[in-house]
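*Asks:*
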Amino acid sequence: MKYRGSILVDSHVHFHRCCDAPAFLSATLSNLYRTGGPRSDGISSVAVLAVVDGQKEDGFERLTALGTNLPAPDFADTDRWISHSTDEQISTGFERDGRYVVIIQGRQIRTRERLEVLAIGTDARIDDGQSIQRVI
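Under the working numbering, the first residue of the sequence shown is numbered 237, with each subsequent residue one higher.
#1: From the DSSP output, in three-state form, read off S367 for me.
#2: Alpha carbon to alpha carbon, what distance is there between T328 and S319?
#3: Classify A360 as buried or exposed, calling it buried when 16 or more other Cβ atoms lie within 10 Å of its own Cβ.
#4: Would you check if the distance between the CB atom of L268 and the CB atom of L302 is smaller than 8 Å?
#5: Between I326 and Q341, is the Cβ-Cβ spacing less than 8 Å?
#6: Provide the residue(s) that pair with S280 in DSSP beta bridges, ordered along the chain.
#7: List the endpoints of the continuous alpha helix (DSSP H) containing L351.
#8: For S262, count the other beta carbons within 10 Å of its own beta carbon; 16 or more makes it buried, fewer makes it exposed. Which is it?
#9: Does the distance from the CB of V249 to the CB of V287 come in under 8 Å?
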(Lines of atoms letter the chains of each structure in order from A; the text may use other names.)
(Lines give C-alpha, C1' and ligand atoms only; values in the text may rest on other atoms or scores of the structure.)
Protein backbone atom coordinates (compact mmCIF):
# COMPACT_ATOMS: atom_id res chain seq x y z
CA MET A 237 0.00 0.00 0.00
CA LYS A 238 1.28 3.44 -0.88
CA TYR A 239 0.20 6.37 1.31
CA ARG A 240 0.97 9.86 0.03
CA GLY A 241 -0.27 11.91 2.97
CA SER A 242 1.46 13.18 6.07
CA ILE A 243 1.59 11.12 9.24
CA LEU A 244 1.67 13.34 12.32
CA VAL A 245 2.87 11.39 15.38
CA ASP A 246 2.95 12.04 19.12
CA SER A 247 4.75 9.04 20.61
CA HIS A 248 4.28 9.73 24.34
CA VAL A 249 0.67 10.39 25.33
CA HIS A 250 -1.28 9.65 28.51
CA PHE A 251 -5.09 9.60 28.59
CA HIS A 252 -5.80 10.34 32.24
CA ARG A 253 -9.13 9.61 33.94
CA CYS A 254 -9.89 13.32 34.29
CA CYS A 255 -9.77 13.79 30.50
CA ASP A 256 -12.89 14.16 28.38
CA ALA A 257 -12.46 11.91 25.33
CA PRO A 258 -14.00 14.21 22.67
CA ALA A 259 -12.02 17.20 23.96
CA PHE A 260 -8.85 15.05 24.11
CA LEU A 261 -9.29 13.95 20.49
CA SER A 262 -10.15 17.48 19.32
CA ALA A 263 -7.06 18.88 21.04
CA THR A 264 -5.00 16.16 19.37
CA LEU A 265 -6.19 17.24 15.94
CA SER A 266 -5.71 20.90 16.70
CA ASN A 267 -2.20 20.50 18.09
CA LEU A 268 -0.81 17.98 15.62
CA TYR A 269 -2.33 19.56 12.52
CA ARG A 270 -1.14 23.01 13.63
CA THR A 271 2.37 21.67 14.23
CA GLY A 272 2.42 19.59 11.06
CA GLY A 273 0.95 22.41 9.02
CA PRO A 274 -1.96 22.20 6.63
CA ARG A 275 -1.32 20.52 3.33
CA SER A 276 -1.92 22.78 0.37
CA ASP A 277 -1.84 19.95 -2.17
CA GLY A 278 -5.13 18.39 -1.05
CA ILE A 279 -3.47 15.22 0.22
CA SER A 280 -4.81 14.14 3.59
CA SER A 281 -2.93 13.76 6.84
CA VAL A 282 -3.52 11.35 9.69
CA ALA A 283 -2.70 11.94 13.35
CA VAL A 284 -1.20 9.04 15.31
CA LEU A 285 -0.99 8.86 19.09
CA ALA A 286 0.92 6.28 21.09
CA VAL A 287 -1.01 6.09 24.35
CA VAL A 288 1.59 4.73 26.77
CA ASP A 289 0.05 3.49 29.99
CA GLY A 290 2.01 3.13 33.19
CA GLN A 291 1.75 0.17 35.55
CA LYS A 292 -1.69 1.09 36.93
CA GLU A 293 -3.12 3.06 34.01
CA ASP A 294 -5.74 2.00 31.47
CA GLY A 295 -6.03 4.93 29.07
CA PHE A 296 -5.93 2.87 25.89
CA GLU A 297 -8.59 0.46 27.14
CA ARG A 298 -10.86 3.36 28.11
CA LEU A 299 -10.49 4.92 24.66
CA THR A 300 -11.29 1.67 22.85
CA ALA A 301 -14.35 1.10 25.05
CA LEU A 302 -15.99 4.41 24.16
CA GLY A 303 -18.35 3.07 21.52
CA THR A 304 -19.05 4.17 17.99
CA ASN A 305 -20.26 7.75 18.41
CA LEU A 306 -18.78 10.27 20.79
CA PRO A 307 -20.49 13.60 21.36
CA ALA A 308 -18.72 16.72 20.20
CA PRO A 309 -16.97 18.54 23.03
CA ASP A 310 -19.05 21.28 24.65
CA PHE A 311 -16.75 24.05 23.42
CA ALA A 312 -16.88 23.07 19.74
CA ASP A 313 -19.61 23.31 17.13
CA THR A 314 -18.58 20.17 15.28
CA ASP A 315 -19.86 16.78 14.28
CA ARG A 316 -19.51 13.74 16.48
CA TRP A 317 -16.41 11.60 16.61
CA ILE A 318 -16.86 8.19 15.00
CA SER A 319 -14.90 5.22 16.32
CA HIS A 320 -13.32 2.82 13.81
CA SER A 321 -11.99 -0.58 14.81
CA THR A 322 -8.83 -1.92 13.23
CA ASP A 323 -7.64 -5.45 12.53
CA GLU A 324 -5.26 -5.16 15.49
CA GLN A 325 -6.01 -5.33 19.20
CA ILE A 326 -3.33 -2.72 19.87
CA SER A 327 -4.84 0.05 17.76
CA THR A 328 -8.09 1.85 17.17
CA GLY A 329 -9.16 4.91 15.23
CA PHE A 330 -11.44 7.92 15.44
CA GLU A 331 -12.70 10.20 12.68
CA ARG A 332 -14.43 13.57 12.60
CA ASP A 333 -15.05 15.77 9.59
CA GLY A 334 -12.79 13.61 7.41
CA ARG A 335 -9.81 13.88 9.75
CA TYR A 336 -8.44 10.81 11.48
CA VAL A 337 -6.71 9.99 14.74
CA VAL A 338 -5.14 6.54 15.07
CA ILE A 339 -4.41 5.39 18.62
CA ILE A 340 -1.66 2.82 19.22
CA GLN A 341 -1.36 1.05 22.55
CA GLY A 342 1.87 1.18 24.46
CA ARG A 343 3.41 0.89 27.89
CA GLN A 344 5.60 3.17 29.97
CA ILE A 345 8.06 1.25 32.14
CA ARG A 346 10.02 2.91 34.94
CA THR A 347 13.36 1.20 35.35
CA ARG A 348 15.43 0.66 38.47
CA GLU A 349 17.73 3.42 37.15
CA ARG A 350 14.72 5.81 37.16
CA LEU A 351 14.53 5.99 33.38
CA GLU A 352 11.29 5.69 31.44
CA VAL A 353 11.19 3.21 28.57
CA LEU A 354 8.31 3.37 26.10
CA ALA A 355 7.16 0.09 24.59
CA ILE A 356 4.97 1.14 21.66
CA GLY A 357 2.71 -1.33 19.90
CA THR A 358 2.25 -3.77 22.77
CA ASP A 359 -0.35 -4.69 25.36
CA ALA A 360 2.16 -6.63 27.50
CA ARG A 361 2.34 -5.61 31.15
CA ILE A 362 5.99 -5.12 32.05
CA ASP A 363 6.82 -4.62 35.72
CA ASP A 364 8.42 -1.38 36.84
CA GLY A 365 11.67 -1.47 38.83
CA GLN A 366 13.62 -3.84 36.60
CA SER A 367 17.03 -2.97 35.19
CA ILE A 368 17.06 -1.13 31.89
CA GLN A 369 18.94 -4.04 30.29
CA ARG A 370 16.13 -6.41 31.29
CA VAL A 371 13.36 -4.07 30.10
CA ILE A 372 14.95 -3.44 26.72
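Built from N, CA and C at the ideal position, the CB exists for glycine as well.
Fair warning: this is a prediction, and the values are worked out from it, not measured in the lab.
*Replies:* This is what the structure gives:
#1: coil
#2: 8 Å
#3: For A360, the number of other beta carbons within 10 angstroms of its own is below 16, and it is reported as exposed.
#4: No, these two residues do not count as a Cβ contact at 8 Å.
#5: yes
#6: According to the DSSP secondary-structure assignment, S280 is paired through a beta bridge with no residue.
#7: Looking at the DSSP string, L351 is not in any alpha helix (DSSP H), and its letter there is neither H nor E.
#8: Answer is buried; the Cβ neighbour count reaches 16.
#9: It is a contact, given that the beta carbons lie within the stated cut-off.
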